[in-house]
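Trainee: Under the working numbering, the first residue of the sequence shown carries the number 178, and numbering increases by one thereafter.
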Amino acid sequence: MSPSMNTQLTREVGIRSLPGAGNSAYALRAFSPGDTVLHDRPFAVLLSDLQRREDVRGTAEGALKECCAAVVAYQPQDPAAYWHALGRLSCPSAEEVSSHPVVEVVAAICDCLATVHKGKPLFEGWPDSSSEAVTRVVLTWMTNGLRCNSATALFSLASKINHSCQPNVRWDSGACVFVAMKPIAQGEHL
178 MSPSMNTQLT REVGIRSLPG AGNSAYALRA FSPGDTVLHD RPFAVLLSDL QRREDVRGTA
238 EGALKECCAA VVAYQPQDPA AYWHALGRLS CPSAEEVSSH PVVEVVAAIC DCLATVHKGK
298 PLFEGWPDSS SEAVTRVVLT WMTNGLRCNS ATALFSLASK INHSCQPNVR WDSGACVFVA
358 MKPIAQGEHL
């Protein structure tokens with residue numbers, strides 16, 4: 178199934194470039210508080226909560242290792258559609274990636290897998306299995322993943338709604354919908 182088929186067709190939410198934030202979702206019409214702004218279906222789901230900041234032992238390092246391992250182990254049903262959709266999501270810049278704590282964890286995972294695989298491709302369908310490329314994939318999941326109960330999911334449209342300290346929509350993780358919290362004007366970023 179192609180990524181475009183995973184998202185309900187909508188004439189209510191569009192995507193455009195927002196300086197400093199990459200591609201972002203915006204309202205194509207006005208919404209009232211309580212209106213469903215977007216109902217989206219994920220193109221990829223990890224049965225792991227990537228938003229968790231601590232592991233069962235209460236350590237941030239353990240949670241980071243679990244997150245990296247979950248992303249690296251993910252096997253999409255349709256690799257071509259997955260890579261296409263993943264490539265359309267925002268990812269931190271090369272400078273941000275090189276200084277992120279996930280770099281060392283991913284490098285260790287890739288070194289371990291390279292030893293186990295002995296020259297064979299590390300990941301089925303991965304276009305590039307270098308430590309840098311894997312780090313970008315992990316950070317793309319961490320940046321764009323939305324919590325859905327105890328899982329993390331990536332969406333073609335919903336993952337493009339930016340974080341805000343004064344949000345105009347709220348995420349209902351059980352129903353996979355964004356709901357208007359206050360009046361939203363046509364053209365306003367979500």
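Ideal placement from N, C-alpha and C gives every residue a C-beta, glycine not left out.
Using DSSP's beta-bridge definition, name the partner residues of Pro219.
Mentor: Against the sequence shown, residue 219 aligns to sequence position 42. DSSP lists Phe332 as the bridge partner or partners of Pro219.
Trainee: Any heavy atom of the ligand GTP within a distance shorter than 6 angstroms of the CB on His216?
Mentor: With respect to the ligand GTP, the structure shown offers nothing to examine, as it has no ligands at all.
Trainee: Is it true that the stretch 311-323 meets the stretch 206-216, where meeting means three or more beta-carbon pairs spaced less than 8 angstroms apart?
Mentor: no
Trainee: Which residue from Arg188, Arg193, Leu223 puts its Cα closest to that of Lys337?
Mentor: As a first step, residue 337 is located in the sequence shown; it is residue number 160 there, counting from the start. Closest by alpha carbon: Arg193.
Trainee: To the nearest angstrom, how far is it from the Cα of Asn339 to the Cα of Ala285?
Mentor: Residue 339 sits at position 162 when you count from the first residue of the sequence shown. Residue 285 sits at position 108 when you count from the first residue of the sequence shown. Separation of Asn339 and Ala285 (C-alpha to C-alpha, rounded to the nearest whole angstrom) is 31 angstroms.
Trainee: Going along the chain, which residues of its own chain have a beta-carbon closer than 7 angstroms to the beta-carbon of Cys245, five neighbours each way excluded?
Mentor: If you number the sequence shown from 1, residue 245 lands on position 68. Correct list, in chain order: Val279, Val282, Val283, Ile286, Val315.
Trainee: At least one CB of chain B closer than 7 angstroms to the CB of Ala221: is that the case?
Mentor: Among the chains of the structure shown, chain B does not appear; only one protein chain is present.
Trainee: Please determine, among Val346, Ala204, Tyr251, the residue with the shortest C-alpha to C-alpha distance to Val222.
Mentor: Locating residue 222 in the sequence shown gives position 45, where the first residue counts as 1. The candidate whose alpha carbon is nearest that of Val222 is Tyr251.
Trainee: Which residues in the same chain have their Cβ closer than 7 angstroms to the Cβ of Val354, if we skip the five residues on either side of it in sequence?
Mentor: Translated into the one-based positions of the sequence shown, residue 354 becomes position 177. Once the five neighbours on either side are set aside, the close Cβ partners of Val354 are Thr213, Leu215, His216.
Trainee: Would you please state the rounded distance, in angstroms, between the beta carbons of His205 and Gln363? I believe it to be under 8 angstroms.
Mentor: The residue you call residue 205 lines up with position 28 of the sequence shown. The residue you call residue 363 lines up with position 186 of the sequence shown. In the sequence under discussion, the amino acid at residue 205 is Leu, which differs from the His named in the question. Yes, Leu205 and Gln363 are in contact; Cβ-Cβ is about 7 angstroms, under 8 angstroms.
Trainee: Where Arg313 and Tyr259 are concerned, what is the direct C-alpha to C-alpha distance, given to the nearest angstrom?
Mentor: Start at 1 with the first residue of the sequence shown, and residue 313 comes out as number 136. Start at 1 with the first residue of the sequence shown, and residue 259 comes out as number 82. Rounded to whole angstroms, Arg313 to Tyr259 spans 15 angstroms at the Cα level.
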